[in-house]
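Note sheet for the following structure.
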Amino acid sequence: MNTRDELPPAGRWGRFQVFEPLVPTNLPLGSENWPVVEMRIENKVTMTDPVGPDEPLDPTVAEYAQKLAERVAGVPDDERSALLQRIGREIERRVSDLSASPGR
Amino acid sequence: MSDPDDTPAWEPPTIYCRHLLVCRSVWFDPNRPDDGFSLGKLVVQFRLPEGQDFPLRLPRLFAYAQLYGTPGEYQVRLRLIRIEADEVGDDVEIQLGPNDQPVEFLVPRPVVVSGLNLVEELAMPVDWVVFDRAGLYAVQIWAMGYDEPLASERVEVRT
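Each protein sequence line maps, in turn, to chains A and B. Under the numbering used here, the first residue of the first sequence is numbered 1, with each subsequent residue one higher. Under the numbering used here, the first residue of the second sequence is numbered 1001, with each subsequent residue one higher.
Listed below in structure tokens is the structure:
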């Protein structure tokens, strides 16, 4: 089941205290002219993965993952990201094909 | 009349930090608040996005701390410093504000500490964290009236 989770509002929730965003009292000289590196503000998260990050994978899956990792680690740094994306797409395609095959 | 020796000596309030962590998100399920809170994407390292130059400015991070100590309310603040090594390898703390002043983030309300036996959890969103160069940094939590940080968490910024 997907659960929509979000940043708790500021306040005291039992023994958990949440505060309004803190802003710096001063910034380094000239920083008002520095360019902003765009990075997503993550204060809301939608949990869609039924396997939590701390739960170990099935041993067989972990073994395949290890072999894939060794393969990926062997390629040059500048090719690694592209290879990982290709592997991800390939797995998604195969899962999709299997899900659509008759008899399932 | 009681013996003055029986009077307990006054002791200054003490506050301790058991954990200080830096992460990218904090969340809970509003429909099930008793399930607890989650920290997401704990970080000890930041990498400059490809094609970008310093300074690295992060719109939001979170500092998470667990405090305990003498019951009371404490004014708390966070400080961001850079750490460099001197010629003999000892750590030197570099303040990041103008004129060697610290860059600090004031917690807007006093922090409640309820005792020594159980921690209070703090989630502090921190906006516009600036790293002006690669290196070793530390997020520190300070309490008003104390000369040393309660805790310090190091983060590395890499290219």
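Every residue gets a Cβ at the ideal spot worked out from N, C-alpha and C, and that includes glycine.
### Message
residue 17/A and residue 1121/B - do their beta-carbons sit closer together than 8 Å?
### Response
If you number the second sequence from 1, residue 1121/B lands on position 121. If you number the first sequence from 1, residue 17/A lands on position 17. The Cβ-Cβ distance between residue 1121/B and residue 17/A falls below 8 Å.
### Message
Between residue 8/A and chain B, is the shortest Cβ-Cβ distance under 8 Å, so that the two count as touching?
### Response
What you label residue 8/A is simply residue 8 of the first sequence in a count that begins at 1. By this cut-off, residue 8/A is an interface position.
### Task
Look at the Cβ atom of residue 1142/B, then the Cβ atom of residue 1057/B, and state whether they are nearer than 8 Å.
The residue labelled residue 1142/B in the question sits at position 142 within the second sequence. The residue labelled residue 1057/B in the question sits at position 57 within the second sequence. No, Cβ-Cβ distance for residue 1142/B and residue 1057/B is not below 8 Å.
### Message
Just to confirm my understanding: we take residue 1062/B, look at its own chain, exclude 5 residues before and 5 after, and list those with CB closer than 8 Å. What are they?
### Response
The count along the second sequence starts at 1 and reaches residue 1062/B at position 62. Excluding five sequence positions before and after residue 1062/B, the CB atoms of its chain that fall closer than 8 Å to its own CB belong to 1022, 1023, 1024, 1025, 1026, 1039, 1123, 1124, 1125, 1126, given in chain order.
### Task
Could you tell me whether the region 1075-1082 of chain B touches the region 1090-1110 of chain B, using the rule of 3 or more Cβ pairs below 8 Å?
In short, these stretches touch, since the Cβ pair count reaches three.
### Task
Can you give me the start and stop residues for the beta strand (DSSP E) that residue 1042/B sits inside?
Working through the second sequence from its first residue, we reach residue 1042/B at position 42. Secondary structure note for residue 1042/B: its beta strand (DSSP E) is the uninterrupted segment 1038-1042.
### Task
Could you tell me which residues DSSP puts in a beta bridge with residue 1067/B?
Here residue 1067/B refers to the residue found at position 67 when the second sequence is read from its first residue. Partner(s): 1017/B, 1120/B.
### Whole-angstrom distance between residue 61/A and residue 50/A, CA atom to CA atom
Counting from 1 along the first sequence, the entry for residue 50/A is found at position 50. Counting from 1 along the first sequence, the entry for residue 61/A is found at position 61. With a pLDDT of only 36 at residue 50/A, under 50, the local geometry of the prediction cannot be trusted, and no value is derived from it.
### Query
Can you give the Cα-Cα distance for residue 14/A and residue 80/A, rounded to whole angstroms?
Your numbering for residue 14/A matches position 14 in the first sequence. Your numbering for residue 80/A matches position 80 in the first sequence. The alpha-carbon of residue 14/A is positioned some 46 Å away from that of residue 80/A.
### Task
Please say whether residue 24/A and residue 1060/B have beta carbons closer to each other than 8 Å?
On the second sequence, residue 1060/B is found 60 positions in, with the first residue counted as 1. On the first sequence, residue 24/A is found 24 positions in, with the first residue counted as 1. 8 Å or more divides the Cβ of residue 1060/B from the Cβ of residue 24/A.
### Query
Using a Cβ-Cβ distance under 8 Å, would residue 12/A count as near chain B?
As a working mapping, residue 12/A is identified with position 12 in the first sequence. Closer than 8 Å to some Cβ of chain B, the Cβ of residue 12/A qualifies, so yes.
### Query
Does the beta-carbon of residue 1069/B have 16 or more other beta-carbons within 10 angstroms, so that it is buried, or is it exposed?
For this step, residue 1069/B is matched to residue 69 along the second sequence. Under this definition residue 1069/B is a buried residue.
### Query
Taking C-alpha atoms, which residue in 1134/B, 1020/B, 1148/B, 1144/B lies nearest to residue 1076/B?
Mapped onto the second sequence, residue 1076/B falls at position 76. Checking every option, the nearest Cα to that of residue 1076/B belongs to 1144/B.
### Query
So, are the CB atoms of residue 1131/B and residue 1157/B less than 8 Å apart?
Mapped onto the second sequence, residue 1131/B falls at position 131. Mapped onto the second sequence, residue 1157/B falls at position 157. The answer is yes: Cβ separation under 8 Å.
### Query
Comparing the C-beta of residue 1124/B with each C-beta of chain A, is any distance below 8 Å?
One-based indexing of the second sequence puts residue 1124/B at position 124. With respect to chain A, the C-beta atom of residue 1124/B has a partner C-beta closer than 8 Å.
### Task
Following the continuous alpha helix (DSSP H) through residue 1091/B, name the residue where it begins and the one where it ends.
For the purposes of this step, residue 1091/B is identified with residue 91 of the second sequence, where counting begins at 1. Counting along the chain, residue 1091/B sits inside no alpha helix (DSSP H); it lies in the beta strand (DSSP E) bounded by residues 1091-1095.
### Query
So who's on the other strand from residue 16/A, going by DSSP bridges?
On the first sequence, residue 16/A is found 16 positions in, with the first residue counted as 1. Answer is 13/A, 1121/B.
### Query
the region 15-26 of chain A: which residues have C-beta closer than 7 Å to a C-beta of chain B, in chain order?
Taking 7 Å as the cut-off between beta carbons, the residues of the region 15-26 of chain A near chain B are 15, 16, 17, 18, 19, 20, 21, 22, 23, 24, 25, 26, in sequence order.
### Query
For residue 84/A versus residue 72/A, is the C-beta spacing smaller than 8 Å?
Position 84 of the first sequence holds residue 84/A. Position 72 of the first sequence holds residue 72/A. A Cβ-Cβ contact shorter than 8 Å links residue 84/A with residue 72/A.
### Three-state secondary structure assigned by DSSP to residue 1146/B
Working through the second sequence from its first residue, we reach residue 1146/B at position 146. Under the three-state reduction of DSSP output, residue 1146/B falls in the coil class, being neither helix nor strand.
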